[in-house]
Amino acid sequence: MKIDGTRRQDRATELVLTYYAAFNRGDWEGMLALLTDDVAHDLNQGARETGREAFAAFLGRMNASYREQLRDIVVLVTQDGQHAAAEYMVHGEYLNTDEGLPPANGQTYVLPGGAFFDIRDDRIARVTNYYNLQDWIRQVRRDSA
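Sequential numbering of the sequence shown, starting at 175, is according to my numbering.
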């Protein structure tokens with residue numbers, strides 16, 4: 175098999191990796207440019223938000239409370255390039271208290287995470303993120319003691 179970027183599967187893999195590279199650089203505009211206008215964003219253990227503007231607001235909230243890097247990223251894509259999944263390790267710092275969560279004081283955390291994507295017209299049309307919230311809470315409470 176030759177991977178040359180001409181197959182839909184290759185393009186979808188590159189799209190997801192580009193999305194995460196932009197995340198790791200803190201390039202929110204770069205991330206937003208990879209999304210469809212009507213992107214569906216399923217927050218971990220939360221509601222679905224729809225649209226690029228809602229996604230931009232989410233990134234603003236994240237940027238205010240967290241500093242994160244994703245490492246050991248693995249991406250799997252269907253042959254037709256319409257669906258993808260990613261697994262990674264989140265290395266983060268909790269900077270400012272996020273509503274409904276424990277107080278922040280610079281605690282660090284490392285936890286596995288994952289995401290599922292729908293891809294349409296070479297753009298991300300859905301992002302569904304998962305991580306173990308109880309593990310995250312345990313880590314930030316431990317570091318604040």
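Glycine included, every Cβ here is placed at the ideal spot set by N, Cα and C.
Quantities reported herein were computed from a predicted structural model and do not represent experimental measurements.
Does residue i pass the burial test, meaning 16 or more other C-beta atoms within 10 Å, or should it be called exposed?
i: ALA260; result: buried
i: ILE293; result: buried
i: GLN313; result: buried
i: ASP207; result: Per the sequence presented here, residue 207 reads as Ala, with Asp not at that position. ALA207 comes out exposed.
i: GLY200; result: exposed
i: ALA258; result: buried
i: ALA289; result: buried
Could you tell me the alpha carbon to alpha carbon distance between residue i and residue j, rounded to whole angstroms?
i: PHE197; j: GLY234; result: 12 Å
i: GLY255; j: THR282; result: 35 Å
i: MET263; j: VAL284; result: 7 Å
i: GLY266; j: GLU203; result: 21 Å
i: ASN183; j: ASN306; result: The sequence shown places Gln at residue 183, rather than the Asn named in the question. Distance between the alpha carbons of GLN183 and ASN306: 29 Å.
i: ARG181; j: ALA238; result: 38 Å
i: ASN279; j: LEU244; result: 21 Å
i: ASP272; j: PHE232; result: 12 Å
Looking at the ligand SAH, does it come within less than 7 Å of residue i, judged from the CB to the closest heavy atom?
i: GLU242; result: Because no ligand of any kind appears in the structure shown, any question about the ligand SAH cannot be addressed here.
Could you have a look at residue i and say whether DSSP puts it in helix, strand or coil?
i: GLY266; result: strand
i: ASN218; result: coil
i: GLY225; result: coil
i: ASP211; result: strand
i: ASN279; result: coil
i: ARG182; result: helix
i: THR252; result: coil
i: THR187; result: helix
i: GLU261; result: strand
i: GLU273; result: coil
Could you give the C-beta distance for residue i and residue j, rounded to a whole number, given that I count them as a contact under 8 Å?
i: ARG315; j: PRO276; result: 6 Å
i: TYR304; j: TYR268; result: Not a contact, Cβ separation roughly 19 Å.
Between the region 218 to 232 and the region 242 to 252, do three or more beta carbon pairs fall short of 8 Å? At 8 Å Cβ cutoff, the stretches do not touch.
Determine, using beta-carbon pairs with one atom in the region 289 to 307 and one in the region 186 to 205, whether at least three such pairs fall under 8 Å. Cβ pair count under 8 Å is three or more, so yes.
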